[in-house]
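For the sequence shown, counting from 1, position 77 maps to 77 in my numbering; every step adds exactly one.
Some notes on the structure that comes next.
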Amino acid sequence: MSVYTSPSARPTDVTDLQEENDVTVISSQLSSDELVNNEDISTTHTIIEAGREEEKDANGQTVVSFNIWSILQKGAINLVLPFINGIMLGFGEIFAHEVGFKYGFVGARVQPPRRHLQQKPKFI
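Spelled out as structure tokens, the structure:
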């Protein structure tokens with residue numbers, strides 16, 4: 001069985017194995033009780049040809065340029081965001097400590113080390 005209407009209609013770059021694959025695909029997609037007309041055959045043929053074109057395009061070599069500047073551009077977000085995050089955490093910690101010190105929270109009392117040394121022990 002052939003997909004093409006005549007042997008001369010088959011393109012020269014299509015091998016017998018490819019044609020057998022195409023026939024297998026068509027026969028598996030169509031059941032025997034379906035009515036097949038010329039429009040269905042031409043649509044299927046168009047899909048097969050489009051698949052072959054995609055395969056040719058996929059087999060081409062892809063050239064990827066390597067550039068330090070492009071790497072820095074793509075990685076800039078990974079360099080900038082941690083810096084901004086650190087600034088926000090630092091200012092948040094300072095702000096929280098100042099609020100705690102103003103309202104007299106227990107953990108916010110800061111004294112110089114010499115004042116700790118000058119205090120007498122409470123348990124003696």
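C-beta atoms are modelled at their ideal positions from N, C-alpha and C, and glycine is treated no differently.
Label D13 either buried or exposed according to how many other C-beta atoms from any shown protein chain fall within 10 Å of its C-beta, with 16 as the threshold for buried.
What you label residue 13 is simply residue 13 of the sequence shown in a count that begins at 1. The residue is exposed, with fewer than 16 neighbouring Cβ atoms inside 10 Å.
Can you say whether D57 is buried or exposed, counting buried as having 16 or more other CB atoms within 10 angstroms of its CB?
Indexing the sequence shown from 1 puts residue 57 at position 57. Under this definition D57 is an exposed residue.
Between S42 and W69, what straight-line distance do the alpha-carbon atoms span, to the nearest angstrom?
As a first step, residue 42 must be located in the sequence shown, where it is residue number 42. As a first step, residue 69 must be located in the sequence shown, where it is residue number 69. C-alpha separation (whole angstroms): 50 angstroms.
Measuring only the C-alpha atoms, how far is Q29 from V64?
The residue labelled residue 29 in the question sits at position 29 within the sequence shown. The residue labelled residue 64 in the question sits at position 64 within the sequence shown. Near 39 angstroms, if we compare the C-alpha coordinates of V64 and Q29.
Would you say T44 reaches chain C, if we count a Cβ-Cβ gap shorter than 8 angstroms as a contact?
The question asks about chain C, but that chain is absent: this structure has only one protein chain.
Report, in whole angstroms, the separation of the C-beta atoms of T44 and I71, which I expect to be a contact under 8 angstroms.
Position 44 of the sequence shown holds residue 44. Position 71 of the sequence shown holds residue 71. Wrong, their Cβ atoms sit about 46 angstroms apart, outside the cutoff.
To the nearest angstrom, report how far apart G100 and F66 are at their CA atoms.
Position 100 of the sequence shown, counted from the start, is the residue given in the question as residue 100. Position 66 of the sequence shown, counted from the start, is the residue given in the question as residue 66. Cα-Cα distance, rounded: 52 angstroms.
Output the boundary residues of the alpha helix (DSSP H) element that contains F105.
Taking the first residue of the sequence shown as 1, we reach residue 105 at position 105. Per DSSP, F105 belongs to no alpha helix (DSSP H) and is neither H nor E.
Alpha carbon to alpha carbon, how far is V80 from Q111? Give it in angstroms, no decimals.
Position 111 of the sequence shown, counting from 1, holds the residue named residue 111. Position 80 of the sequence shown, counting from 1, holds the residue named residue 80. Approximately 36 angstroms between the Cα atoms of the pair.
Less than 8 angstroms separating the beta-carbons of D16 and I48?
Looking up residue 16 in the sequence shown gives position 16. Looking up residue 48 in the sequence shown gives position 48. Not in contact: D16 and I48 (Cβ atoms no closer than 8 angstroms).
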